[in-house]
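Chemist:
There are 2 protein chains.
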Amino acid sequence: MCGGAGTRFWPFSRESRPKQFIDFFGTGQTLLQMTVDRVRRLVPEENIILITNEQYADTVREQLPGLSQEHILLEPARRDTAPAVLWAAHHIAARNPEASFVTLPSDHVILRETDFQEALRRGFEFVEQADRLLALGLPAKAPNTAYSYIQKEDKMPRHDDIFRIKTIAEKPGREMAEIFVRSGEFLWNAGIYLWKAKSVISAFNKDVPDMASRFDVEPEFYRGEAEKDFIDDVYPKTSSLPVEYAIMDRAANSYVLEADLGWSDLSTWNALHAISPKNKDGNVTQNCRSLLYDCKDCIVAAEGEKVIVVSGLKDYIVADTDNALLICPIEAEQRIRNIVNDIRERFGNEFT
Amino acid sequence: MCGGAGTRFWPFSRESRPKQFIDFFGTGQTLLQMTVDRVRRLVPEENIILITNEQYADTVREQLPGLSQEHILLEPARRDTAPAVLWAAHHIAARNPEASFVTLPSDHVILRETDFQEALRRGFEFVEQADRLLALGLPAKAPNTAYSYIQKEDKMPRHDDIFRIKTIAEKPGREMAEIFVRSGEFLWNAGIYLWKAKSVISAFNKDVPDMASRFDVEPEFYRGEAEKDFIDDVYPKTSSLPVEYAIMDRAANSYVLEADLGWSDLSTWNALHAISPKNKDGNVTQNCRSLLYDCKDCIVAAEGEKVIVVSGLKDYIVADTDNALLICPIEAEQRIRNIVNDIRERFGNEFT
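Those protein sequences? They're chains A and B, same order as listed.
Going by the working numbering, the first residue of the first sequence is number 511, and it counts up by one from there.
Going by the working numbering, the first residue of the second sequence is number 511, and it counts up by one from there.
#1: Would you call the region 607-623 of chain B and the region 704-719 of chain B in contact, with 3 or more CB pairs under 8 Å?
#2: So with Cβ pairs under 7 Å, would you call V819/B a contact of chain A?
#3: Rounded to the nearest angstrom, what separates F714/A and R856/A at their Cα positions?
#4: In whole angstroms, what separates the C-alpha of K790/B from that of C838/B?
#5: With distances taken from CA atoms, which of W597/B, H581/B, V549/B is nearest I711/B?
#6: Do we get a CB-CB distance below 7 Å when we pair R799/B with the residues of chain A?
#7: Buried or exposed: H669/A, going by 16 or more other Cβ atoms within 10 Å of its Cβ?
#8: Kindly indicate if chain B contains any beta-carbon less than 7 Å away from that of G701/A.
#9: On the three-state DSSP scale, how would you describe A533/B?
#10: Would A812/B pass as a contact of P729/B if the rule is Cβ separation under 7 Å?
#11: Taking C-beta pairs closer than 8 Å, name the residues in chain B that F857/A reaches, listed in chain order.
#12: Rounded to the nearest angstrom, what separates I602/A and Y826/A at their Cα positions?
#13: Between which two residues does the alpha helix (DSSP H) carrying I602/B extend?
#14: Please determine whether the Cβ atom of G683/A lies at a distance below 6 Å from any heavy atom of the ligand NAD.
#15: What distance in whole Å lies between the Cβ atoms of L836/A and A829/A, which are believed to be in contact at a cut-off of 8 Å?
#16: Give every residue of the same chain whose Cβ lies closer than 8 Å to the Cβ of S578/A, excluding the five residues on either side of it in the sequence, and list them in chain order.
#17: Determine the chain A residues that contact V595/B at a beta-carbon separation under 7 Å, and present them in chain order.
#18: Counting only C-beta atoms, is I678/B closer than 7 Å to chain A at any point?
#19: Can the beta-carbon of R845/B be found less than 7 Å from the beta-carbon of V817/B?
#20: Counting contacts by CB-CB distance shorter than 7 Å, is F522/A in contact with chain B?
#21: Return the residue from the list N797/A, P649/A, G633/A that minimises the CA-CA distance to E815/A.
#22: What's the C-alpha gap between F519/B and K529/B?
#23: Could you please give the first and the last residue of the uninterrupted beta strand (DSSP E) stretch that includes A829/B?
#24: Quick check: is the beta carbon of D830/B nearer than 7 Å to any beta carbon in chain A?
#25: What in chain A is Cβ-close to N851/B, meaning under 9 Å?
#26: Applying a beta-carbon distance threshold of less than 9 Å, which residues of chain B neighbour N833/A?
#27: Distance, Cα to Cα, D717/B vs A756/B?
#28: Is it buried or exposed, Q639/B, if we count other Cβ atoms within 10 angstroms and call 16 or more buried?
#29: According to DSSP, L782/B sits in a beta bridge with which residue or residues?
#30: Below 7 Å on C-beta distance, what does F861/B contact in chain E?
#31: Just tell me which of A652/A, V727/A, E841/A, R571/A has its CA closest to the CA of S693/A.
#32: Buried or exposed: D720/B, going by 16 or more other Cβ atoms within 10 Å of its Cβ?
#33: When the Cα of E843/A is compared with those of R854/A, Y732/A, S821/A, N780/A, which residue comes out closest?
#34: Is the beta carbon of R724/B closer than 7 Å to that of V744/B?
#35: Taking R803/A as the reference, give the member of I853/B, E737/B, T569/B with the closest Cα.
#36: Taking buried to mean at least 16 other C-beta atoms within 10 Å of its own C-beta, is K747/B buried or exposed?
Below you can see the structure in the form of structure tokens.
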């Protein structure tokens, strides 16, 4: 899934270039490319399907030139993740009714690649045995209010780390998040799901029948030219819904596999700071030649070979791109959305 | 005079592009071009002579395409202002032994153009009457420790605002500067001098005979091809000396004309802040699209059309160019010189 838009990493992320398309760590690979690489070790490349908004078609082709055209599903409208997952399930089932697949966001970071692959391997085994929906959950290490939490209940027999899902809670308040973490019952939701295509379709049929019936057509509508016409017609009419709400939180057969993957959804500059290597003063410098004097716990990011000198800042974001520069306290990062609106109003779309 | 180098406005000023060559206020004119414009209203263009280091020859020609080649004097070595003034005096005297001229820095700003022209007009009148060296002095409005101060003594008969110079003091300490300002006897030295060419030569003969004798050759050495050969030989051998120290502070016939010209030597970011229009929070924004949130008394400067967002800073410099960005408290600006050295060591000359 790589259709997300977002401005929380402005000026690095832009409407025309959300964060999945950015080389965040200056490694020469964008988050999308890193995600595909991560999956490619387990799944043959010809089985990788990308779903994105049609606005990003060119960017996707540019960043993944090896991916064949018919493996890029283009959403004609933004409808959140539920319709995307349902479309993918039908698209896959039309080719192999027994197929299982993993759905994953393209803009997250996972540091423990081996553990990740092991989790996927065991996850596939689990969902291929029966009609099951499986999430990956991370040990909740801090009361982060930007995350989605999965409450686990009964442990599955013969599995130390797979549990039934009791409930899924989106972005709790601070107090609630602290209770979640203390309870030991909650995991961070990585937004990574494993399932068989037919389990997905069946779950939608049960829990979101309106949406399910729109997509419930003969397999030939999910092939070749017909697919585009069909989707262009049906997609804009469907509701916008996250897959967590649509099926995972409601289904009786939803499970979570707990694994510590060194995961971050990179949802904010703060999250990026948390996961990045720091110097002795807690400063993170991304992709730039920087000289920091008397700085503490800052994050300094630039494009290219620019030299950045910062003196006397604490807990600040300095993010510099070609046509925009942001200097802002990390604690004020929730305001970036409003800032971006202000910029659009004052200076136009080219900067947002 | 436009041979000065300096890094105090880094990253805007660079070794290859000192501040006289920069469009500081985003008006489309560099400080040099503004200075020439200011003088052109009083002095015919064919009488304007520019003295600069040969390193800047191309930049000068580019910025002043109307100036004829023979009016650009190229210093083969940096020797401060005394040899520059002495050379200019000989160069001018070789063409007109009775000529008077004004010597002025090319990287200052003067806001009261009419008062400036009136001061020059009266200054020329004063130095043409007799063998006199005349400085322009500004009312010392604050104990600025970066300036040169002129102590005035006896007022000249029939002149309300021309005084004999008692002494010239370079960059006093804070305490001394406060005494200067309180005394009412000291003026800021604008570094602008009026004199006859032969008065300059005569003053050098008296006070700096070693240097004077090097330049004391027949007028034909100050014309055409011969001049370049002569200067290339003699200039590197001469001492490096400021004109204040060489003659103005020692000569018995040195005077100062007091005038309030809205002058600034733009020697520091702070000086630029002081002279620039501010918004209600005391912020100065130069040449950029800026959005400041909770900022006070900052100076934000960028090249081109870049958008700059700053949140929560007080008394800061934010100076952004193509390949370098500086974020630094205004009070730490004396350290910019060291910062530039650090950058040269770490990242090489291309950034300094």
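Idealized CB from N, CA, C, for every residue including glycine.
Modeler: So, from the listed chains and residues:
#1: The region 607-623 of chain B is in contact with the region 704-719 of chain B.
#2: For V819/B, the nearest beta carbon of chain A is closer than 7 Å to its own beta carbon.
#3: Their Cα atoms are separated by approximately 44 Å.
#4: Each residue's Cα considered, the two are about 22 Å apart.
#5: Nearest neighbour of I711/B by Cα position, chosen from W597/B, H581/B, V549/B, turns out to be W597/B.
#6: Yes, its Cβ sits closer than 7 Å to a Cβ of chain A.
#7: Exposed: under 16 other Cβ atoms inside 10 Å.
#8: For G701/A, the answer is no, since every Cβ of chain B falls outside 7 Å of its Cβ.
#9: Checking the sequence shown, residue 533/B turns out to be Asp, not Ala. D533/B sits in coil when the DSSP states are folded into three classes, being neither helix nor strand.
#10: No. Outside cutoff.
#11: For F857/A, the neighbours in chain B by C-beta distance under 8 Å run, in chain order, R799, V817.
#12: About 45 Å.
#13: Residues 591-603.
#14: The ligand content of the structure shown is nil, which means the ligand NAD is not present either.
#15: With a Cβ gap of about 5 Å, A829/A and L836/A count as contacting.
#16: Same-chain partners within the cutoff: E556.
#17: Within 7 Å Cβ-Cβ: nothing; V595/B doesn't reach chain A, min ~36 Å.
#18: Not closer than 7 Å to any Cβ of chain A, the Cβ of I678/B fails to qualify, so no.
#19: No, these two residues do not count as a Cβ contact at 7 Å.
#20: By this cut-off, F522/A is not an interface position.
#21: With distances taken between Cα atoms, E815/A lies closest to N797/A.
#22: Approximately 7 Å between the Cα atoms of the pair.
#23: Where A829/B is concerned, the enclosing beta strand (DSSP E) stretches over 826-830.
#24: Answer yes: the Cβ-Cβ gap between D830/B and chain A drops below 7 Å somewhere.
#25: Within chain A, no residue has its beta carbon less than 9 Å from that of N851/B; the closest one is some 11 Å off.
#26: Chain B residues near N833/A: G814, E815, K816, V817.
#27: Distance between the alpha carbons of D717/B and A756/B: 7 Å.
#28: Looking at its Cβ environment, which holds fewer than 16 other Cβ atoms inside 10 Å, Q639/B is exposed.
#29: Per DSSP, L782/B has no beta bridge partner at all.
#30: Protein chains in the displayed structure are A and B, and chain E is not among them.
#31: Checking every option, the nearest Cα to that of S693/A belongs to A652/A.
#32: D720/B should be labelled exposed.
#33: If we check each option's Cα against that of E843/A, N780/A comes out closest.
#34: Yes, these two residues count as a Cβ contact at 7 Å.
#35: Reading off the sequence shown, one finds Tyr at residue 803/A, where the question assumed Arg. Of the candidates I853/B, E737/B, T569/B, the one whose C-alpha sits nearest the C-alpha of Y803/A is I853/B.
#36: Under this definition K747/B is an exposed residue.
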